[in-house]
Each structure stands twice: as C-alpha cells, then as structure tokens.
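*Asks:*
4 protein chains.
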Amino acid sequence: MATIGFIGLGNMGGPMAANLVKAGHQVQVFDLSAAALERAVSAGAQAADSATSAVKGAQFVITMLPAGQHVEGLFVTGDTPLFDAVESDALIIDSSTIDAETAKRVSAVGAARGIDFIDAPVSGGVGAATAGTLAFMVGATEAQFERAKPILEAMGKNIFRAGDSGAGQIAKCCNNMMLAIQMAGASEALNMGVRNGLDPAVLSEIMKQSSGNNWALQVYNPFPGVMPNVPSSNNYQGGFAVDLMYKDLGLAMDVSQQSGSPTPMGSAARALYMLHRKNGTGGLDFSSILKFYQEQ
Amino acid sequence: MATIGFIGLGNMGGPMAANLVKAGHQVQVFDLSAAALERAVSAGAQAADSATSAVKGAQFVITMLPAGQHVEGLFVTGDTPLFDAVESDALIIDSSTIDAETAKRVSAVGAARGIDFIDAPVSGGVGAATAGTLAFMVGATEAQFERAKPILEAMGKNIFRAGDSGAGQIAKCCNNMMLAIQMAGASEALNMGVRNGLDPAVLSEIMKQSSGNNWALQVYNPFPGVMPNVPSSNNYQGGFAVDLMYKDLGLAMDVSQQSGSPTPMGSAARALYMLHRKNGTGGLDFSSILKFYQEQ
Amino acid sequence: MATIGFIGLGNMGGPMAANLVKAGHQVQVFDLSAAALERAVSAGAQAADSATSAVKGAQFVITMLPAGQHVEGLFVTGDTPLFDAVESDALIIDSSTIDAETAKRVSAVGAARGIDFIDAPVSGGVGAATAGTLAFMVGATEAQFERAKPILEAMGKNIFRAGDSGAGQIAKCCNNMMLAIQMAGASEALNMGVRNGLDPAVLSEIMKQSSGNNWALQVYNPFPGVMPNVPSSNNYQGGFAVDLMYKDLGLAMDVSQQSGSPTPMGSAARALYMLHRKNGTGGLDFSSILKFYQEQ
Amino acid sequence: MATIGFIGLGNMGGPMAANLVKAGHQVQVFDLSAAALERAVSAGAQAADSATSAVKGAQFVITMLPAGQHVEGLFVTGDTPLFDAVESDALIIDSSTIDAETAKRVSAVGAARGIDFIDAPVSGGVGAATAGTLAFMVGATEAQFERAKPILEAMGKNIFRAGDSGAGQIAKCCNNMMLAIQMAGASEALNMGVRNGLDPAVLSEIMKQSSGNNWALQVYNPFPGVMPNVPSSNNYQGGFAVDLMYKDLGLAMDVSQQSGSPTPMGSAARALYMLHRKNGTGGLDFSSILKFYQEQ
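Residue numbers (our numbering), protein chains in the order written: chain H, 1 to 296; chain E, 1001 to 1296; chain A, 2001 to 2296; chain G, 3001 to 3296.
#1: Pull up the distance between the alpha-carbon of H:Ala-148 and that of H:Leu-91, whole angstroms please.
#2: Is the Cβ-Cβ distance between G:Gly-3266 and G:Met-3177 less than 8 Å?
#3: So for G:Thr-3063, helix, strand or coil by DSSP?
#4: Buried or exposed: which applies to E:Val-1071, given that a residue is buried once 16 or more other Cβ atoms fall within 10 Å of its Cβ?
#5: Just to confirm before moving on: does the CB-CB distance between E:Asn-1158 and H:Gln-209 stay below 8 Å?
#6: Using the beta-carbon count (16 or more within 10 Å), is E:Arg-1113 buried or exposed?
#7: Could you list which residues in chain A have their beta carbon closer than 7 Å to that of G:Asn-3234, in chain order?
#8: Using a Cβ cut-off of 7 Å, pull out every chain A residue sitting near G:Arg-3105, in sequence order please.
#9: Evaluate the contact criterion for the region 2053-2064 of chain A versus the region 2086-2105 of chain A: three or more CB pairs, one atom per stretch, below 8 Å.
#10: Would you report the Cα separation of A:Tyr-2236 and G:Val-3055, rounded to the nearest angstrom?
#11: Write down the C-beta distance between H:Ala-171 and E:Leu-1290 rounded to the nearest angstrom, noting that I regard them as a contact closer than 8 Å.
#12: In three-state DSSP terms, what is E:Ser-1181?
#13: Is G:Ile-3118 near G:Ala-3058, with beta carbons less than 8 Å apart?
#14: How do the region 3243-3262 of chain G and the region 247-261 of chain H stand: do at least 3 beta-carbon pairs fall below 8 Å, yes or no?
#15: Less than 8 Å separating the beta-carbons of G:Cys-3174 and A:Leu-2203?
#16: Residues of chain A with CB closer than 8 Å to the CB of E:Ser-1267, please, in chain order.
#17: Which first and last residues belong to the alpha helix (DSSP H) in which G:Ile-3039 is found?
#18: With 16 as the cutoff for other CB atoms within 10 Å, does H:Ser-33 come out buried or exposed?
#19: Where E:Val-1021 and E:Met-1001 are concerned, what is the direct C-alpha to C-alpha distance, given to the nearest angstrom?
#20: Where do the N-terminal and C-terminal ends of the alpha helix (DSSP H) with A:Val-2071 fall, by residue?
#21: Determine which residues of the region 274-286 of chain H have a Cβ less than 7 Å from any Cβ of chain E, and write them out in chain order.
#22: Let me know the secondary structure DSSP gives E:Ile-1004 once reduced to three states.
#23: Measure from the alpha carbon of A:Ala-2135 to the alpha carbon of each residue in G:Ala-3017, G:Ile-3206, G:Gly-3073 and G:Gly-3282, then state which is nearest.
#24: Pair every Cβ in the region 3275-3290 of chain G with every Cβ in the region 3183-3193 of chain G, then say whether three or more of these pairs are closer than 8 Å.
#25: Taking C-beta pairs closer than 9 Å, name the residues in chain A that H:Glu-295 reaches, listed in chain order.
#26: Could you pull out every residue in the same chain whose Cβ sits closer than 8 Å to the Cβ of A:Asp-2285, ignoring the five residues on either side in sequence?
#27: Taking its Cβ as the centre, do 16 or more other Cβ atoms sit within 10 Å of E:Val-1041, making it buried, or is it exposed?
#28: Quick check on E:Val-1122: buried or exposed, where buried means 16 or more other Cβ atoms within 10 Å of its Cβ?
#29: Would you report the Cα separation of H:Ser-165 and E:Ala-1128, rounded to the nearest angstrom?
#30: Near G:Thr-3102, which residues of its chain fall below 6 Å by C-beta distance, leaving aside the five closest residues on each side in sequence?
#31: Roughly how many whole angstroms lie between the Cα atoms of G:Lys-3278 and H:Pro-262?
#32: Use the C-beta contact count for H:Asp-49: other C-beta atoms within 10 angstroms, 16 or more gives buried, fewer gives exposed.
#33: Need the endpoints of the alpha helix (DSSP H) that A:Gln-2144 sits in, please.
#34: Under 8 Å, Cβ to Cβ, is there at least one residue of chain G near H:Met-183?
#35: Measuring alpha carbon to alpha carbon, tell me which residue in A:Ala-2047, A:Arg-2270 and A:Pro-2200 is nearest A:Met-2227.
#36: Mapping the DSSP letters down to three states, classify H:Met-137 as helix, strand or coil.
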C-alpha cells in the first residue's frame, strides 16, 4: 500500500480520496475548506495543514482542482511551489480538467527537474466518483501509466492511456464536446418528434435500436419521465451542471483555436449552452438543454 | 402466404422484394427500369407490365419510391391512380422516405375511400435490405400494424410502430437528423484529437467507453483504418450517400419549419453536408464528412 | 391613367392600393375581409364582389397574398382560375412573397396561354407601403418590367429588375436572409459589448463608422433607447414580425435546398429565430432577437 | 510637436510611424527586423537600437504588436520591462489588437506605478494605415483620451473613445465579429442568388439599397468583378488576411466565454473561417470566404 498526498477535496475529490482510503492506502489530504477536510478525515484520511505537508513522504500526489491557473499556481508559480516540496521519486497525477497547454507546460517544468507529472482527468460525475467507477483518460509515458494504473483502479473502472503528456486532457475535451453535441442533438430530435405527436419513450427506443443510438439515449435520456433515476426525471437536479459543460466547451474552443481544428458542431453546442445558461439554469444538469427547445 | 404487389425495384426495393420471395410470398413486381424488373424476375418474382397489373389480386402492396411527389402521383394525382386499382381489402405499405405531410395526405385520401395506406420507411441501407435486417418505422393504427408486421418481418429485424399515420416518416426524420449530427460530431472530435497527436483508434475506444459513445463510433467509424469493413476504410465507397443524407436533412428542415421545432444542431449538420457536397462528394458515403474537416 | 385590379388588402395591400388611387388610377379591389374592402373604398377604390369582377377590364392586376398556395390557387388550380378571367393583354404583377418555384410555375402556365405574369415582391414594411416608398424586386422580361415600372412607382421608390421570372422572389429571399443574419449579428455584438461595460449607443456609433456598418445599425438599432422611432424603443411593437422573418427564412431554406446553395449563416439565423419564437414572441418586431441574447 | 517612441513596424506599424513623421513629430522607432527599421528611417524616423532607447525622452509611446503576450512581455514580464524605462509622464498608446483582459491587466500594473497605458486598436487595414485614415477605438479615461487624440489624428480619421481601460479592445472585437458575420452572410446570399441565375452586381445593388445593406456590399464586395480595386477582383490578394480574421474571432470567443455572452452567429462565422483556412487560404483576403461557398 502507498502513501498518497491528495489535494482538492470538492464534490469529486472528496469521494475519490475516500475510495483510496478504502483500498488501504495512507491518504494525506489538504483543502482550503475546513469542512471538506473534516469529511475526508471522517472517511479515514490524515489531515495535513498545508499542501506542502500533504505531499511529505508521499509516493503519489493526486490533485483535483478547478482550472489550469490553480494547477500551475500550486506546482510552479505560487509562493511555495509544490515542485519544491514533493519527494524526488513521487508520481504526480493531476486529475483536474484543465487546458492541455497548461498540463503540458507544467509537466515539462517537472520533467526538467526530474519530477513525473501526468494528466489524468476523469469522466463520470459525482456518482461514479463515489462508486469508484470513474473513467480516467491519462496523458503519460507507458512507464508512468503502468505505475499510476493500480492507484487509479482504486477510484475508477476504465483506465485509458490516451497518449503522452497532455493527451488525457485532449481526450477528455474531445469526449465532452462529443457529449454536448449528442445531448443537444438528442434533445432536438426528441422535441421535434414530440411536437409532431410521437411518444418520447417510443421515439427514444426506435433511435436507440437504429443509427441514432448514443449514450444520451442509452443511459441519460433528457426527456422527463422516459427513464427513472436520471436528472431529467428529477427536475434536472444533480448530475453534471450546465456551468461545467460550459467550462468544458470553452476548453474545447481553446484546443480548437490553438490547433486550427474546425469545430462547427461543438461551436453550435457551446452557443446553445450559453443561451440556455443566461436564463439562470447554470446549476441544473446539462440534459436540461431539452427545456431550452420547449415552449416557455 | 400472401400475394404482394411491389412497385419500385431500386437499390433498396430490389433486395426487399427478393426477401419476400424467399419467405414464400407470391410477389408481383413493377418498375420503369427493364433491368431492375429482370433482376427481380431472376430472384423469383412475377413481372407485371404496369403498376396497375402489379396490384391485381394482391393483399399487400409495397412501394419504394424516391420522393413524396412520386407516391402522391402514383396513388392519387397521376393518370391512372392506383387507389382506383388496388383490391378493396388490400393493405398498402409505403416504405419510401418522404415528407410526413404527403404521407398523411395520401393516407387520408385512401381512408376516405376505405383503403388502408400506412407509412413504413426503413433504416439500415443496402446491406440491411439484402440481409433482411432493415428497421421499419411504421405510422399506422394498431390493427394495421399487426397486419403488416408478418410481411415486414420477411424484410427486417426491428419493426417499430412509431404512432399513427405519418409517425413512421417523423421517426425516420428524427433518427436521421440525429445520425447526421453525431456523424459530424464524431468526425469533428476525432479530427481534433488527431491534430493534437492522439491515435484515432485509441480516442475512438475511449469515447466509446465513455459518455461520448454513439452509433458512429460503435459500428461506422468515419476515420479510415480504425474499423475494417466500413466505408471509411474503403475510400468512402458504398454505404449511405452524402446526397441521400442531404435529402433527409432537407426533409428534417421541412418538418422543423411546419411544426415550429427549433433545429440548431440539425441545421448546422445540414450546412456542413451542403458545403461538403459542393466539392463533388455527393456519391460518397456520408461518413466522408470527416474528410471535410481535414486539410486538403 | 390605368384600370387596375387589386386583390389582397391586408396590412401591406391596403395602403398599396390607396397609393394607386392617389396616383389617379382606377382601382378595382377585392378581399375576403369586408372590413378591408371598406377601408379601400374609403380611400377611393371601387369594391368588387369577387376576384373575377375585380380584374374585369383591368390592364394591370396586382396581387398581395400570404403564400404560394394562395397565388397558385387563385390563378391556376382554384374553382374559378383567374387566368380564365383576366383581359388577354393584362399584365399581372404578383407582389406576394412566395417561393420562387411557384412563381415560375404560375408564370409558365400564364405564358403558355399568352398571359403575362411577373413576380414583384416588396421590401420595406407597412411604413414604406403607406409612404409609397417600398422597394420592388421584379422578376420579368425587360419589356414586362418597362410596362410595370410606372405602376410600381406609384407605390415605391426603388424599382429593381432582378432578372427573369422568379428572380424577384430569389432577390427578396437573399436580401431577407442577409437581413436576418445582420440583425442577429448586430444584436449579438451589441449584447457582448454591453455585458463588457460599453455603452450601446457608443458601440453602435463606432461600428457604424467602421467595417461593422450595416442597415440594422444605421436605421433600425435593436438595442432599446439607442434610436428613437424604431420598434426596439417601443417594446418591439410594430415593424416586421418575428413570425414573418421565420416564414422568409423557411423560404430561404427551400431555395437553398433546391439549388444546393450552402447557407450556414442563414441556417444559424433561422435556428435563433425559431428558438426565440417559441417563447411567445412571434408577434414582436424581428429586432427583438436582441432580447433573446439577454439574461431573463 | 512631440517626441514619440514607436515599437513594432510591421505592415501596419510602418506606415503609421511614417504618418507621424509627416505630421512633424520626432519619431524614435524600434523593431526586431532590420529591414522594417530601415524603411522607417527612409521615411524620416530615428532608428533606436532597442525598445528602451526608443522610449527615452518620449512624451508618447506607441506599440503595434501581434498578441497580448508580446505586449505584456514588453512592458511587464520581460527581461527589461519598458515600464522601468519610459518617462514618468509619458502616455503609452497600445494599438495592438489583443485580448481585453491583458490590456486591462497591463494598464492596471502601469496605473499602480503612476504610468498611463491606454488601449487603442485600429480598424481599416494596410490601405487606411498608409492613407492615414484608420479608425481608432480607444479604452482610456476622458483625460487620457484628450491627450492622445491629436497624436492619433495624425494616423487616423475616426477617433472613438469606447470607454475605460480595455473598452477599445472590446469594441474592436465586437466590430470584427460583426464584420466576419456580415462578410460570410453577404457571400452566402450572393452565392445563392448567383446559383439561381441572378447577376451578382444586380443582386448586390438591390441589397445595398434595401435592408440587406452593409459594409461588405458597400465597399468590399466579395464577388469577383462586381467592384474594381477590392481584393475579390484581384484574386483575393492584399487586404485583411483570413489568418488575422481567424485570430480576431478567437479573441471574440475568449471575450464571449469570459463574460458569458452568447455568440451563436460569431461562432458560426469562426467555424466557417476555420474550415476555409484548412484549405491553405490563410494568406488570402478574408472576403475569399465567398470561394468557400462555391463549387470546387
């Protein structure tokens, strides 16, 4: 079993750290929120009084932060850069969803000092974080990936190596852009069918068994009442917030712009989420885009 | 076994009629093309010298025509309307992909004369037509549907009742709009990933096992070389032509306009297919939209 | 002075007929609405008891109807086709905004019988119809155009020959698609500027004097309070209704589809107007698209 | 007359500096390119051997650089920050087109040290830079604006105060997004008209005199042959490059994302320019988007 420093105990980081504890690891945690820290301690983690303390003696460091500037600040540009504090043979696994450019830049700074920093953003939301069934999309060398894998398996089910440094962030970005496109598309098709007299459950079933089949129709139907236990059947509470999808589509636009990759469909999806969001729906699940198609 | 009149023996109609013969039905066929007629006769059908002759004595009449004007012309507005010629207790099954308004109008004309006319467009392409594994999306009463089902099962695998008259065309329209959206989306995501250094097969696998999963990634990957036996691995030959997707997206725009159903994503997909098509790609498989994203 | 049959006395047709009277013509009017007919009579026109009576003895026939089916019904497919009733040397000027295909078809039917039927849709709205300052976009031969021009000048200021039969409808369609695109674009740019602290009047002025200049900013600013006497400064009352712009964008999609002309921007504008319209805004002026960008 | 330090002598900066010389100012110039420096000297400027030398004794400093990172590097984060070198009472005018966030950040750093730094991006292209008819969009206090105005008038015709720090960049961003939207829209409308048989010059004239009127149709028609002396009539050589419009639309996406301002039309325009650009057209004038609509 390993000693793991874990920094960032929000909605995702909290249950992820708890799963590491369950798997028998010694987990040294830090977060700016005292409440978050307390919850982790209740789950069996050791509270540290700073990020620097959390990484002391740790073979692995896992970070789960909101954006690229926080990751770069923590490791490189802040007052007490964590690259100065980590053990020389530690493997740093950043599971934050951030822009690939920052991920690569921080990794390169680490590499220049002989420190391993890999990107491993997750897919699956709070439910999967709690159940330990997240998907990890990893940007790392083969060797780094093999070293990280057993640790990640305590928190997730599908662990993919997407490629070298930054590739995890790119894969996450591509996947979530695809997700936004097909959630908007499914909402649009269902709304048009229903306006023309079709039953949403019948139309969903037809598309699922035809070439219109996708993840939204399979496990996350946006039309209220078609599926139990999904946000659409619970007033779009819980799940993956519109605001987070908006953030991810912004990252996709950055990747698109930097690499000259045309994104007409992703751009259209982003525009829809922005128009939807200005009506005060930022906190609803992202499948609430269906409501945006309906008469008010 | 039944006597079936079959009119329209093109790429789809030909193999569909052949499967009815295989199932033991007596199939009376007609087409304006002598070559198409001859192929059907080789498969065991009886050639008729006109549409009127083909429906004589038939309990079922199946039509497979290019557009709404052909269907309305054949049954209602032409010189020898087939509604004057069909047996009074025949069930007419129109498997053409046409606009729902025309389907409903023709059905209403039939109903006023005591003739049953239902819409049953198909999904699956030439391969499924030949293999007898088409999906049928049927707009009909429950009773009409039950009567048609055994006949359709000789040609298809999934037989859905979408709702009353016209609902089959609406379901087909919604499904194909969804398909265009996710094929364009998958192409866009894969192209962006590859431009950022990812392997298309690896990225496809990651999305398939995540929330980006859809039919295009599962069975019809648009990136050359990721899957064998799909059009993208055969220079986009065969499959479902760009020109046909363009036609179907035009039908979707009509349904959208007539019913006041917003279609931002379907409109964006149609725009892409139109821009792609003007480069002389109308005859390629519709997954060739990936090429439109790539540098020329 | 001429004898003119005028059919269709709605918001546009009424004042147009009145201007013909003012110019000294004898105007024989017909409309299904008794109230509309009465208003025209007050303005000096002669009421007819049917369309057939209205065109009796008229050298010119002008029609102003809602859609292609009405025009085709009136002249060709209805119970008493007007092509049977018009004087053999009359010039028929259809000022309705309809699809170019129908315009060309009706004109061809007329031509086969030696009757001149030209398309001459208008631009400018109710205000310009009343002031006699409409723009006419005419699809006609040179000779037909020269004959129509003096009559049209009694109702409008700019009289353009766009080309042969149908070209007037195409020009109108292109112009109104351009208008929708730039009205949405101006609203989007102004909203973004204002959200970033700019004054809408200052930003409007800057764009008007730069490369962002367009008709919307010049004479029809969508931001409330920037200009007096425009719909945006009167709660978007009056002007050109969202529902009419939606109809015109539908015609543009038809032209696009029939001619294989890509319309990514027009499609995006149509999607926005459809999304806006489902919130019960169909009767507001089309510059109300600005509201759709704002927080609710 | 004033002493002015001018840094950045590219296609725009070169002629701008020359116009300052013509107006009688003493202009101390610097650029990394020796050729650019030499051209400025031929025009009457004094060459400096570094940016630091160029600003020595200058009451005004003007910069014309490619992107935000260059501006921030030059004044704040580089090895020899220019904020350490400028005269304490100098007014710094940054005419680069950069993101508003960077403009505001650099201005705030300057303000904290008592140094005036304002944003004043330009509109009008190389032609206007040479002719001294640029538009300047200025983000500054009233007092800063009044001080800058006489200097800017030596290089431009329309000098606007858009608002406080950053507002010039926002205004430029909004204007250029509007420009991209209407250039793409005009190209789309003209292409559709021409595919339906209309003459591009006739259709342009009709729209110019109707509600479709805009800057593109007035002075920069994208259809070859309609206007002399515009890039479209010269194989899209010269003018404002596709690559620069692509850069500006990227800045617009950033502003949109940071401020939560929906940009469906701007996003659609950006998607078109990206798709166009991947065909190797980055160096053509941006009105070449018309070619992207045409059959290849």
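Positions of the beta carbon are idealized from the N, C-alpha and C atoms, including for glycine.
Predicted, not measured: the structure shown is a model, and the values here were computed from it.
*Replies:* To lay it out plainly:
#1: Those two C-alpha atoms are separated by around 8 Å.
#2: With contacts defined by Cβ atoms closer than 8 Å, G:Gly-3266 and G:Met-3177 form a contacting pair.
#3: In the structure shown, G:Thr-3063 falls within a strand segment according to DSSP collapsed to helix, strand and coil.
#4: E:Val-1071 should be labelled buried.
#5: Cβ distance < 8 Å, so E:Asn-1158 and H:Gln-209 count as in contact.
#6: Sixteen is the threshold: since fewer than 16 other Cβ atoms of the shown chains lie within 10 Å of the Cβ of E:Arg-1113, the residue is exposed.
#7: None at all; the shortest Cβ gap to chain A is about 18 Å.
#8: Within 7 Å Cβ-Cβ: nothing; G:Arg-3105 doesn't reach chain A, min ~15 Å.
#9: A contact exists between the region 2053-2064 of chain A and the region 2086-2105 of chain A.
#10: One C-alpha to the other measures close to 53 Å.
#11: That belief does not hold up - the Cβ atoms of H:Ala-171 and E:Leu-1290 are roughly 18 Å apart, past 8 Å.
#12: Correcting the residue identity first, residue 1181 of chain E is Ile in this sequence and not Ser. Looking at E:Ile-1181 - three-state DSSP - the assignment turns out to be helix.
#13: No, these two residues do not count as a Cβ contact at 8 Å.
#14: By the Cβ criterion, the region 3243-3262 of chain G is in contact with the region 247-261 of chain H, since at least three pairs of Cβ atoms, one from each stretch, lie closer than 8 Å.
#15: Yes. Within cutoff.
#16: Under the 8 Å cutoff, chain A gives Ser-2267, Ala-2268, Arg-2270 and Ala-2271.
#17: Just to set this straight, residue 3039 of chain G is Arg in the shown sequence, not Ile. Per DSSP, G:Arg-3039 belongs to the alpha helix (DSSP H) from 3034-3042.
#18: It counts as exposed.
#19: Each residue's alpha carbon lies about 10 Å from the other.
#20: Counted as a single uninterrupted DSSP element, the alpha helix (DSSP H) harbouring A:Val-2071 occupies residues 2068-2072.
#21: Here the close residues number zero.
#22: Reduced to three states, the DSSP call for E:Ile-1004 is strand.
#23: Out of G:Ala-3017, G:Ile-3206, G:Gly-3073 and G:Gly-3282, G:Ile-3206 has the C-alpha closest to the C-alpha of A:Ala-2135.
#24: Counting C-beta pairs with one atom in each stretch, the region 3275-3290 of chain G and the region 3183-3193 of chain G have three or more that are closer than 8 Å, which means they touch.
#25: Those within 9 Å of H:Glu-295 in chain A are Lys-2278, Asn-2279 and Gly-2280.
#26: Within the same chain, A:Asp-2285 has close Cβ partners Pro-2231, Ser-2232, Tyr-2236, Gln-2237, Gly-2238, Gly-2239, Phe-2240, Ala-2241 and Val-2242.
#27: Exposed, since its Cβ has fewer than 16 Cβ neighbours within 10 Å.
#28: The C-beta of E:Val-1122 has 16 or more other C-beta atoms within 10 Å across all chains shown, which makes the residue buried.
#29: Cα to Cα, H:Ser-165 sits roughly 43 Å from E:Ala-1128.
#30: Excluding sequence positions up to five before and after G:Thr-3102, its CB lies within less than 6 Å of the CB of Gly-3068 and Glu-3072, all in the same chain and listed in chain order.
#31: So the two alpha carbons sit approximately 8 Å from each other.
#32: Burial state of H:Asp-49 is exposed, judged by a 10 Å Cβ sphere holding fewer than 16 other Cβ atoms.
#33: Membership of A:Gln-2144 in the alpha helix (DSSP H) is indicated by the continuous run 2142-2153.
#34: No, H:Met-183 lies away from the interface with chain G (no Cβ there is under 8 Å from its Cβ).
#35: The residue with the shortest Cα to Cα distance from A:Met-2227 is A:Pro-2200.
#36: If DSSP states are grouped into helix, strand and coil, H:Met-137 belongs with the strands.
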